[in-house]
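At position 66 of the sequence shown (counting the first as 1) the number is 67 in our numbering, and the numbers step up by one without a gap. This report refers to the structure that appears directly beneath it.
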Amino acid sequence: MKVYKFKKNKGQIAYDFLIAMLLIIITFSIIGNIVINTANEFKRSEIVSSADAILNIFENTAIVAYNEDIVLDSSFDRIYGKNYDIYYANKVIHITGKTNITFYKNGTKIMTKNAVSSGLDMGNSLKVVVDDFYVSKELNVEMA
Numbered sequence: 002m003k004v005y006k007f008k009k010n011k012g013q014i015a016y017d018f019l020i021a022m023l024l025i026i027i028t029f030s031i032i033g034n035i036v037i038n039t040a041n042e043f044k045r046s047e048i049v050s051s052a053d054a055i056l057n058i059f060e061n062t063a064i065v066a067y068n069e070d071i072v073l074d075s076s077f078d079r080i081y082g083k084n085y086d087i088y089y090a091n092k093v094i095h096i097t098g099k100t101n102i103t104f105y106k107n108g109t110k111i112m113t114k115n116a117v118s119s120g121l122d123m124g125n126s127l128k129v130v131v132d133d134f135y136v137s138k139e140l141n142v143e144m145a
């Protein structure tokens, strides 16, 4: 009959395994958090890019209406399913769906059914507000 001797530190392998698994879990959770934050920032950057494009379209349409002395109609829709506001002069346009904006011959008068007084004097600047951030731009044409 054989008698086997047990090691004095018999639980050491289990502790090493647990510590290794905890470090792996911590590492993957940190990497996962970084990946998720990066994806969210990509989405926000796309929204900012779209808001900047809206500013350019708004300004260019007003400039063309002013220079060519014509009436132009431009259509704006939500950005990636998000509502936004366009601030100009002392008015705000709430974009909650497809919205038509008419730029008149003198380029300074803008008409839409969604324009209301904002209580702010934007002067010669234009601002698009989406969620908790905004994009603004100084205009070459003064709007009323």
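Where a beta carbon is used, it is the ideal one built from N, C-alpha and C, also for glycine.
Just the C-alpha distance for residue i and residue j, rounded to the nearest angstrom, thanks.
{"i": "S126", "j": "F29", "result": "46 angstroms"}
{"i": "L24", "j": "E47", "result": "35 angstroms"}
{"i": "D78", "j": "M144", "result": "21 angstroms"}
{"i": "S51", "j": "I26", "result": "38 angstroms"}
{"i": "K106", "j": "A90", "result": "18 angstroms"}
{"i": "V36", "j": "M22", "result": "21 angstroms"}
{"i": "T100", "j": "D133", "result": "22 angstroms"}
{"i": "I20", "j": "I58", "result": "57 angstroms"}
Please name the residue, chosen from the options, that lies closest to residue i on a Cα-to-Cα basis.
{"i": "S118", "options": "K138, V142 and I87", "result": "I87"}
{"i": "I102", "options": "D122, A90, I37 and S75", "result": "S75"}
{"i": "D122", "options": "N68, K92 and K110", "result": "K92"}
{"i": "Y67", "options": "N38, I111, R45 and I31", "result": "I111"}
Taking residue i and residue j to be in contact with their CB atoms under 8 angstroms, please state how far apart those CB atoms are, rounded to whole angstroms.
{"i": "N115", "j": "I94", "result": "5 angstroms"}
Leaving aside the five residues before and after residue i along the sequence, list all residues of the same chain whose C-beta is less than 6 angstroms from its C-beta, in chain order.
{"i": "G98", "result": "none"}
{"i": "I55", "result": "V129"}
Report all residues from its chain with a CB closer than 8 angstroms to the CB of residue i; omit the five preceding and five following residues, and keep chain order.
{"i": "N141", "result": "E60 and I64"}
{"i": "T113", "result": "I94, T100, N101, I102 and T103"}
Per DSSP, which residues does residue i bridge with? Please list them.
{"i": "L73", "result": "F104"}
{"i": "D86", "result": "H95 and V130"}
{"i": "I80", "result": "K83"}
Using a Cβ-Cβ cut-off of 7 angstroms (strictly less than) and excluding sequence neighbours within five positions of residue i, which residues of its own chain qualify?
{"i": "V131", "result": "I48, A52, I80, K83 and Y85"}
Kindly indicate if chain B contains any beta-carbon less than 8 angstroms away from that of residue i.
{"i": "A90", "result": "Among the chains in the structure shown there is no chain B, since it carries only a single protein chain."}
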